[in-house]
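**Q** Counting in this note's numbering, the final residue of the sequence shown is number 89, and the numbers go up one at a time with none missing.
First the structure, then my questions, so here it is.
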Amino acid sequence: MTVTEREARVLAKNFAIAQYKVPERNITLLSTTPVVNALLCKSSYSIELEITTGNDTEERHQVAVDMMNGEVILIY
């Protein structure tokens, strides 16, 4: 199974919904970048997210989505 960029974005959003307990409308995808030979996983997408929490605080987070198995890893 190889994860496409579109699928990686969906996985990243679903991860953020579960992790931060916010609705999808509170999540903005800022950037998606393919990464090759990273230490974390050999082939992945780096996705930067902006999340608006319940008290209207905006947070930025970055996740890596492994292209081979779809695993999402929180970077920051």
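For glycine and all other residues, C-beta sits at the position ideal for the given N, C-alpha and C.
None of these values were measured; they are calculated from a predicted model.
Within 10 Å of its beta-carbon, does L52 have 16 or more other beta-carbons around it, so buried, or fewer, so exposed?
**A** Taking the sequence shown and counting its residues from 1, the one referred to as residue 52 is at position 39. Counting Cβ neighbours within 10 Å, L52 comes out exposed, since fewer than 16 surround it.
**Q** Are L43 and E63 closer than 7 Å when you measure CB to CB?
**A** Residue mapping note: residue 43 aligns to position 30 of the sequence shown, counting from 1. Residue mapping note: residue 63 aligns to position 50 of the sequence shown, counting from 1. Closer than 7 Å, so yes.
**Q** If you follow the alpha helix (DSSP H) that Y89 is part of, which residue opens it and which one closes it?
**A** If you number the sequence shown from 1, residue 89 lands on position 76. Element bounds for Y89: n/a, residue is neither H nor E.
**Q** Please decide whether Q32 counts as near chain C, where near means a Cβ-Cβ distance under 7 Å.
**A** You won't find chain C in this structure, because it holds only one protein chain.
**Q** Going by C-alpha to C-alpha distance, which of T65, E37 and T45 sits closest to V78?
**A** On the sequence shown, position 65 is the one that residue 78 refers to. It is T45 whose Cα lies nearest to the Cα of V78.
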